[in-house]
Each structure stands twice: as C-alpha cells, then as structure tokens.
Amino acid sequence: RSSPHLELVRVILRIFRNISKHRASLSVLVTRESLSVLTDVVQMFRDKADIFELSTSLLETFVRSDAFISSEYSSHEHRRCLRGVLSLSRTRASVRSSPELDKGIMCLENVMCIVEGGTILSKPKCPYCDREFT
Numbered sequence: 014r015s016s017p018h019l020e021l022v023r024v025i026l027r028i029f030r031n032i033s034k035h036r037a038s039l040s041v042l043v044t045r046e047s048l049s050v051l052t053d054v055v056q057m058f059r060d061k062a063d064i065f066e067l068s069t070s071l072l073e074t075f076v077r078s079d080a081f082i083s084s085e086y087s088s089h090e091h092r093r094c095l096r097g098v099l100s101l102s103r104t105r106a107s108v109r110s111s112p113e114l115d116k117g118i119m120c121l122e123n124v125m126c127i128v129e130g131g132t133i134l135s136k137p138k139c140p141y142c143d144r145e146f147t
C-alpha cells in the first residue's frame, strides 16, 4: 500500500471505468472473477475514499450490466462482506464525510439492493450541492 501502489490501483480502476462505458467491452469485463476481485478491492481500500468510490462505482456498473452474473454474485458470502464494508463506511462517513466516500456508499447501497432483490436507489447526489454524481 505504498504511494506508487495506490496510484497504480487508481489508474487501473479509471481505465476499467472508461472501458466499461462501452457496452461491447463491458460484456467482456464482467465475469465472476472480476466481481470477486472488485469486491476484494472495495474491502481492501475502503479507507481510501477515492479508490473506494472508483471501485464501488465500477462494481455497481458490473452488477447492473448482467442479470445472470449479478444473481450468481448474490451469494451469502458476498452479501456478508459488502454489508460489513457498508457498515464500516457509514460509520466513517458519520465522523468524516467526503463527496467520494458518500458516492461510494451510495453505489455500494445500490449493489446491495441489486443482489438482495430490493429497490435500486437513484443516482448518488453530492451532499454539498445536491447535484447528481456522473
């Protein structure tokens, strides 16, 4: 978790985010393995708001893109892991909030709603200016 390592993780997540904007590329990226890796990234970097936001946003995009994969992803193990991260993130946000952390929490809440079969929340909004995140 050195500075160069963190920067590399950020760059890789941004590349995947850009690739995932294209439907044809997204279908290649979304696999069981990629969802597991993203879950690990969300868990490992939950204390780095920018990486947390990038990874949860990408995870939400992946889960929204493929109903079959998202149904497989809804295992008890994944839900338990994500619930734990969500709880810790909410606690952290109550102490020290940031737009990246808030967006990450909203994306993770959406992922939880998708895998638990609930209602998907709207796009996350900035807590400071009330505009939707893009």
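Under the working numbering, the first residue of the sequence shown is numbered 14, with each subsequent residue one higher.
All C-beta atoms in this analysis are idealised placements derived from N, C-alpha and C, irrespective of residue type, glycine included.
Output yes or no for whether 8 Å exceeds the beta carbon distance between residue i and residue j.
i      : j      : result
Ser84  : Arg30  : no
Ser100 : Leu121 : no
Ser47  : Val55  : no
Met125 : Arg96  : yes
Glu113 : Glu66  : yes
Val76  : Ile127 : yes
Just how far apart, CA to CA, sit residue i and residue j?
i      : j      : result
Pro17  : Ile64  : 14 Å
Lys34  : Leu72  : 13 Å
Leu51  : Ala37  : 20 Å
Val24  : Ala80  : 28 Å
Val10  : Phe58  : Nothing can be reported for residue 10, as the shown portion of the chain is limited to 14 through 147.
Thr44  : Thr74  : 12 Å
Val22  : Ile82  : 24 Å
Met119 : Thr104 : 14 Å
Gly117 : Ile28  : 18 Å
Leu26  : Asn123 : 19 Å
Val108 : Ser15  : 25 Å
Taking the alpha carbon of residue i as the reference point, which residue from the options has its own alpha carbon closest?
i      : options                    : result
Ser78  : Leu21, Val41, Cys94        : Val41
Asp53  : Glu90, Arg27, Asp115       : Glu90
Gly130 : Tyr86, Arg14, Ser49, Ile32 : Tyr86
Ala62  : Val128, Ala106, Ile127     : Ala106
Ser110 : Ser88, Asp60, Ser15        : Asp60
Ser88  : Ser49, Arg14, Leu39        : Ser49
Alpha helix (DSSP H) segments (min. 4 residues) lying fully within the region 18 to 56
Runs of the alpha helix (DSSP H) inside the region 18 to 56: 36 to 42.
At 4 residues or longer, what runs of the alpha helix (DSSP H) sit wholly inside the region 108 to 135?
112 to 128, all fully within the region 108 to 135.
Secondary structure, alpha helix (DSSP H): runs of 4+ residues fully inside the region 56 to 88
Every unbroken stretch of the alpha helix (DSSP H) spanning 4 or more residues and falling wholly within the region 56 to 88 is given here in chain order: 62 to 78, 80 to 86.
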